[in-house]
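Everything below concerns the one structure shown next.
Numbering (the numbering used here), first residue to last: 5 to 294.
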């Protein structure tokens, strides 16, 4: 933390030019609902050490999913969060993704999940969301088995492919296959959870394209397994912050729609449904349920 404080104070130097770094006046924290107690305490510490720094914190804590394994903590009323923001609060009422001031998905859709019918006859979509990692692997396996003449990368790390959160035993890729970064790689400027698409296949290498920043990278086959997972299906947790204009399928809808006796669990499932459906710019026409 002392090194971070020094950098924010302008007491650190650029590694290449050796020039002194500029003093930081403002910090922006997006998707604050995904920030857990540990990181929140770090931010509070920075604010205490450097009270002149202004924080801009953005997110939707009441409706988005809480950090994993911290589902029962009340971050929305956290005093340290208010302290970080200088007790300032601005509510934005216009939803640019849906082009409306109403929140039909939260007020109506999330409370009435049974109005959306499961249709097992729909054609498979290239984008899929699910609740559990077990389903994630099953969906990925089913879709990648349809790829014609794929490059097959075999995971020999037993602990990795046996872990529900880990790699599939075989990762099959072809042109256009989506791959989600499972870690940040500084040298290649890869950020965790960024989605890349296969745009070229060379001997021992895979060319990837990231459409948001319009960047191309080249990665060795062995590093593909260590750095990426198939993006044909991701968990609803990982989809937070994303916007989808294409069609996609939400899996395990029957489970997500089951009434819960416990208030906290019911609220958590409601958030899962809301996050899954609100990724779309056209949820009425572009979402299928399985």
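Glycine included, each C-beta is placed from N, C-alpha and C at the ideal position.
Inset, instruction - Kindly provide the ranges of any alpha helix (DSSP H) runs that are 4 or more residues long and lie completely inside the stretch 139 to 193, ordered along the chain. - result: 162 to 166, all fully within the stretch 139 to 193.
Legend entry - Anticipated Cβ contact below 8 Å, residue 231 with residue 132, distance rounded: Contact flag wrong, Cβ pair sits at about 21 Å.
Legend entry - Range of the contiguous alpha helix (DSSP H) that encloses residue 88: Per DSSP, residue 88 belongs to the alpha helix (DSSP H) from 83 to 88.
Inset, instruction - Taking only the alpha-carbon atoms, compute the straight-line gap between residue 271 and residue 57 and give it to the nearest angstrom. - result: Cα to Cα, residue 271 sits roughly 35 Å from residue 57.
Inset, instruction - Taking only heavy atoms of the ligand NAD into account, decide whether any of them is closer than 7 Å to the Cβ of residue 124. - result: Ligands are entirely absent from the displayed structure, and the ligand NAD is therefore not among its contents.
Inset, instruction - Determine the burial state of residue 239: buried for a count of at least 16 other Cβ atoms within 10 Å of its Cβ, exposed for fewer. - result: Sixteen is the threshold: when 16 or more other Cβ atoms of the shown chains lie within 10 Å of the Cβ of residue 239, as they do, the residue is buried.
Legend entry - Proximal residues to residue 224 (C-beta, below 7 Å), its chain only, five neighbours per side dropped: For residue 224, where only same-chain residues beyond five positions count, the Cβ hits under 7 Å are 208, 209.
Legend entry - Opposing strand residues paired with residue 134 [DSSP bridges]: Secondary-structure assignment with DSSP links residue 134 through a beta bridge to 239.
Legend entry - Residues bridged to residue 206 (per DSSP): Residue 206 pairs with 209.
Inset, instruction - Could you check if residue 59 is buried or exposed, using at least 16 other CB atoms within 10 Å of its CB as the buried criterion? - result: Answer is buried; the Cβ neighbour count reaches 16.
Legend entry - Expected contact under 8 Å - CB spacing of residue 151 and residue 237 to nearest Å: That pair is no contact at about 14 Å.
Inset, instruction - Have a look at 182, 180, 181, 214 and flag the residue whose alpha-carbon is nearest the alpha-carbon of residue 195. - result: The residue from 182, 180, 181, 214 with its alpha-carbon nearest to that of residue 195 is 214.
Inset, instruction - With a 10 Å radius around its C-beta and 16 neighbouring C-beta atoms as the bar for buried, classify residue 62 as buried or exposed. - result: A residue is called buried when at least 16 other Cβ atoms come within 10 angstroms of its Cβ; residue 62 does not meet this threshold and is exposed.
Legend entry - Validate contact between the stretch 265 to 281 and the stretch 169 to 185 using beta carbons, cut 8 Å, 3 pairs: Per the Cβ contact rule, the stretch 265 to 281 is not in contact with the stretch 169 to 185 (fewer than 3 Cβ pairs under 8 Å).
Legend entry - Whole-angstrom C-beta distance between residue 293 and residue 121, which should lie under 8 Å: Correct: roughly 7 Å between the Cβ atoms.
Inset, instruction - Please report the residue range of the alpha helix (DSSP H) in which residue 261 lies. - result: From DSSP, the alpha helix (DSSP H) with residue 261 extends over 257 to 261.
Inset, instruction - Assuming residue 44 and residue 12 form a contact by the criterion Cβ under 8 Å, report the distance between their Cβ atoms to the nearest whole angstrom. - result: Between the beta-carbon of residue 44 and that of residue 12 there is about 17 Å, and that puts the pair past the 8 Å contact cut.
Inset, instruction - Report the partner residues of residue 99 according to the DSSP bridge assignment. - result: Answer is 104, bridged to residue 99.
Legend entry - Segment limits, beta strand (DSSP E) that includes residue 60: That run of the beta strand (DSSP E) goes 58 to 61.
Legend entry - Length of the line joining the Cα atoms of residue 65 and residue 39: Between residue 65 and residue 39, the C-alpha separation is close to 10 Å.
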